[in-house]
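In our numbering, the protein residues as written are -7 to 117.
Glycine included, each C-beta is placed from N, C-alpha and C at the ideal position.
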């Protein structure tokens, strides 16, 4: 997919030189190669872990209901990202900062609690 209108990515704002402590204050330039990147949409995430890694499965919750059957939701996994715990912590910190900034500008993001499937109503007769 191409660029999305209105999409702002933090790396676009950070293409300037920056200082990394690991390099004892030496300036290095960050270049980002997006030639192999693909974009996808997810409305849900599943997490799992190992001692060394965090696994993030991104996908879509798709409601499925057949007549006279219990309502179900299909979780269709589209992408899996595996990272070490340090990377997961950096991701959590970055997302926390982005969400705080968004809410400061746009108000609190309201989370809707998923409603449990309701059994079919029994007919009186």
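In chain order, what residues of the same chain have a beta carbon less than 6 Å from the beta carbon of residue i, not counting five sequence neighbours either side?
i	result
residue 47	40 and 74
residue 13	Residue placement at residue 13 is flagged as unreliable, the pLDDT there being 47, under the threshold of 50; a coordinate-derived value is accordingly withheld.
residue 64	56
Helix, strand or coil for residue i, going by three-state DSSP, please let me know.
i	result
residue 89	helix
residue 181	Since the first and last residues shown for the chain are -7 and 117, residue 181 lies out of range.
residue 19	strand
Would residue i pass as a contact of residue j if the rule is Cβ separation under 8 Å?
i	j	result
residue 49	residue 38	yes
residue 90	residue 68	no
residue 45	residue 76	yes
residue 54	residue 66	yes
Looking at C-alpha atoms only, which residue of the options is the closest neighbour of residue i?
i	options	result
residue 34	90, 72 and 96	72
residue 70	83, 60, 21 and 30	30
residue 105	36, 17, 21 and 19	36
By Cβ distance, which residues of its chain are closer than 8 Å to residue i, with the 5 residues on each side in sequence left out?
i	result
residue 94	101
residue 83	75
Whole runs of the beta strand (DSSP E) within the stretch 28 to 110, excluding any shorter than 3 residues: The qualifying runs are 36 to 41, 45 to 56 and 64 to 76.
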